[in-house]
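Chemist: In this text, residue positions in the sequence shown follow the UniProt record's numbering: the first is 1, and each later residue adds one.
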Amino acid sequence: MRAVTIASQAGAGKLALIVTDPPEPDDGEVLVRVAASGVNRADLLQRAGNYPPPAGAPPWPGMEVSGTVIAAGHGVSSPRVGDEVVALLEGGGYAELAVVRAAQTLPVPDGVGLVDAAALPEAVCTAWTNLVDTARLRPRERVLVQGGSGGVGSVAVQLAKALGAFVVATAGGPERVARVRALGADVVVDHRADDVVAAVRDATGGRGADVVLDVLGGGGLADNVRALAPGGRLVVIGLQRGRRGELDLSALMAKRAVVTGSLLRSRTAQEKAAIVAAVREHVWPMVADGRVRPVVHARLPLADADDALGLLERGEAFGKVLLVP
1 MRAVTIASQA GAGKLALIVT DPPEPDDGEV LVRVAASGVN RADLLQRAGN YPPPAGAPPW
61 PGMEVSGTVI AAGHGVSSPR VGDEVVALLE GGGYAELAVV RAAQTLPVPD GVGLVDAAAL
121 PEAVCTAWTN LVDTARLRPR ERVLVQGGSG GVGSVAVQLA KALGAFVVAT AGGPERVARV
181 RALGADVVVD HRADDVVAAV RDATGGRGAD VVLDVLGGGG LADNVRALAP GGRLVVIGLQ
241 RGRRGELDLS ALMAKRAVVT GSLLRSRTAQ EKAAIVAAVR EHVWPMVADG RVRPVVHARL
301 PLADADDALG LLERGEAFGK VLLVP
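1) Distance, Cα to Cα, Asn-130 vs Leu-213?
2) Would Met-1 pass as a contact of Glu-96 if the rule is Cβ separation under 8 Å?
3) Nearest by alpha-carbon distance to Thr-5: which of Gly-92, Pro-301, Ile-70 is it?
4) How far does the alpha helix (DSSP H) with Lys-320 in it reach, from first residue to last?
5) Enumerate in chain order the residues of its own chain whose CB-to-CB distance from Gln-46 is below 6 Å, with the five nearest sequence positions on each side excluded.
6) So the candidates are Asp-116, Ala-193, Ala-156; which of them puts its Cα closest to the Cα of Trp-128?
7) Can you tell me where the alpha helix (DSSP H) with Ile-237 in it begins and where it stops?
8) Is it true that the CB of Glu-141 sits closer than 8 Å to the CB of Val-189?
9) Measuring alpha carbon to alpha carbon, tell me which residue in Tyr-51, Gly-220, Pro-230, Val-258 is nearest Gln-240.
10) With DSSP as the reference, please indicate the residues paired to Ile-6 in a beta bridge.
11) Can you grab the Cα-Cα spacing for the pair Ala-254 / Asp-133, in whole Å?
12) So what does DSSP say about Pro-285, is it helix, strand or coil?
13) At the level of alpha carbons, what is the spacing between Arg-201 and Pro-325?
14) What residues are listed by DSSP as bridge partners for Glu-84?
15) Measuring alpha carbon to alpha carbon, tell me which of Ala-72, Ser-37, Asn-224, Arg-101 ends up nearest Tyr-94.
16) Is it buried or exposed, Gln-104, if we count other Cβ atoms within 10 angstroms and call 16 or more buried?
17) Would you check if the region 101-116 and the region 284-303 touch, i.e. whether three or more CB-CB distances between them fall below 8 Å?
18) What's the C-alpha gap between Gly-67 and His-74?
19) Using the C-alpha atoms, what's the distance from Val-99 back to Leu-159?
20) Would you decide whether Pro-174 is buried or exposed? Buried here means 16 or more other CB atoms lie within 10 Å of its CB.
21) Taking just the CA atoms, how far does Ala-117 sit from Leu-300?
22) Measure the beta-carbon distance from Ile-18 to Ala-42 and round it to whole angstroms, keeping in mind my assumption that it falls under 8 Å.
23) My guess is that Ala-48 and Val-76 are in contact by the Cβ rule of under 8 Å, so how many angstroms apart are they, rounded?
24) Can you tell me whether Val-81 is buried or exposed? The criterion is at least 16 other CB atoms within 10 Å of its CB, across all chains shown.
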């Protein structure tokens, strides 16, 4: 089979298309013929040598795919050979074939094509577990989605709205602002032109956001705490502005607020299976009826994986970029 692996890790590594032996499913696993692979910012880190795959995962990037099951290991009753699925991987999605735990697959939802379905598993699982499991978002609460035009952000905006929240999101430039608003956000702030904290306060009657879902990291920490409402919860899921920031503990204490962080890839198999099961029960009906839909910026050939990552690196992608073998 063909796969895309990291050819160099001197600075920003380059990706190379190789031919390698196909994987075989172990107990509890299925082999998927990949229709498309989702491209994520974590893949940028892996290419640069800063985010190695977990033990046992293939060396090439790729944490989500869509495709057709062509073989199953011992003990797998579902999905079956021939089923079309999306899957959450530890790695190895940039390939024509991928092995995945059966418990980390979902059926392709009604109304979504097989290729575009690859834009869903990582984004939906990340948005769900952080908004619901970690932040305990409740209906009518106010949520700020930092980076509403990103792969996770574009899904988080839709999901939070479907859960009954009042959604404020950020985006860069008038065109992106309009497109995020079309996804269902109540208020969209142009972070290039406006004071985000002031805009959040204006949009929430001075209260602030009950939940902030953040992709900025250290560089956004101070403003995110300022944007929180009393009792607010800040969940950091990205580090686009760095790993370190300064936190005013007195401001945090005065608001009785919580700051936490989350990674999906490093969670145990049992935790991932539980998240996937919850997504199937609660979010897949929202996808089927159109309240949540995949947002795809581009579909590129597998050989153009470097170009696909470049779209993310330069901030040009709106939603997800997909690689198609």
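Backbone N, C-alpha and C define an ideal beta-carbon position, used for all residues, glycine too.
Modeler: In this structure, then:
1) Position 130 of the sequence shown, counting from 1, holds the residue named residue 130. Position 213 of the sequence shown, counting from 1, holds the residue named residue 213. Their backbone Cα atoms lie some 8 Å apart in a straight line.
2) The residue you call residue 1 lines up with position 1 of the sequence shown. The residue you call residue 96 lines up with position 96 of the sequence shown. For Met-1 and Glu-96, yes; Cβs fall inside 8 Å.
3) Locating residue 5 in the sequence shown gives position 5, counting from the first residue. Measuring from the Cα of Thr-5, the nearest candidate turns out to be Gly-92.
4) Taking the first residue of the sequence shown as 1, we reach residue 320 at position 320. From DSSP, Lys-320 is part of no alpha helix (DSSP H) but of the beta strand (DSSP E) over 320-324.
5) Translated into positions along the sequence shown, residue 46 becomes position 46. Same-chain partners within the cutoff: Pro-61.
6) Residue 128 sits at position 128 when you count from the first residue of the sequence shown. The option with the nearest alpha carbon to Trp-128 is Ala-156.
7) Indexing the sequence shown from 1 puts residue 237 at position 237. Neither: Ile-237 is in no alpha helix (DSSP H) and is coded neither H nor E.
8) If you number the sequence shown from 1, residue 189 lands on position 189. If you number the sequence shown from 1, residue 141 lands on position 141. No; because the gap between Cβ atoms is not below 8 Å, this pair is not in contact.
9) As a position in the sequence shown, residue 240 is number 240, starting the count at 1. Nearest option by C-alpha distance: Gly-220.
10) In the sequence shown, residue 6 corresponds to position 6, counting from 1. In DSSP, Ile-6 forms a bridge with Leu-15.
11) Residue 254 sits at position 254 when you count from the first residue of the sequence shown. Residue 133 sits at position 133 when you count from the first residue of the sequence shown. Computed Cα separation, rounded: 24 Å.
12) What you label residue 285 is simply residue 285 of the sequence shown in a count that begins at 1. Three-state DSSP puts Pro-285 in a helix.
13) Residue mapping note: residue 201 aligns to position 201 of the sequence shown, counting from 1. Residue mapping note: residue 325 aligns to position 325 of the sequence shown, counting from 1. About 46 Å.
14) For the purposes of this step, residue 84 is taken as the residue at position 84 of the sequence shown. For Glu-84, which the question treats as bridged, DSSP gives the partners Thr-68.
15) Sequence index remark: in the sequence shown, residue 94 carries index 94 (1-based). Considering only alpha carbons, the answer is Ser-37.
16) In the sequence shown, residue 104 corresponds to position 104, counting from 1. By the neighbour-count rule (16 or more Cβ atoms within 10 Å), Gln-104 is buried.
17) yes
18) Numbered from its first residue, the sequence shown carries residue 67 at position 67. Numbered from its first residue, the sequence shown carries residue 74 at position 74. So the alpha carbons of these two residues sit roughly 20 Å apart.
19) As a working note, residue 159 is residue 159 in the sequence shown. As a working note, residue 99 is residue 99 in the sequence shown. Answer to the nearest angstrom: the Cα atoms are 28 Å apart.
20) Counted from its first residue, the sequence shown places residue 174 at position 174. Per the 10 Å Cβ criterion, exposed.
21) Indexing the sequence shown from 1 puts residue 300 at position 300. Indexing the sequence shown from 1 puts residue 117 at position 117. Spanning the two alpha carbons is a distance of roughly 15 Å.
22) The count along the sequence shown starts at 1 and reaches residue 18 at position 18. The count along the sequence shown starts at 1 and reaches residue 42 at position 42. Actually they are not in contact, since the Cβ atoms of Ile-18 and Ala-42 sit about 21 Å apart, beyond 8 Å.
23) Here the question's residue 48 lines up with position 48 in the sequence shown. Here the question's residue 76 lines up with position 76 in the sequence shown. Their Cβ separation, rounded to whole angstroms, is 35 Å, which puts Ala-48 and Val-76 out of contact at 8 Å.
24) Here residue 81 refers to the residue found at position 81 when the sequence shown is read from its first residue. Exposed, because fewer than 16 other Cβ atoms sit within 10 Å of the Cβ of Val-81.
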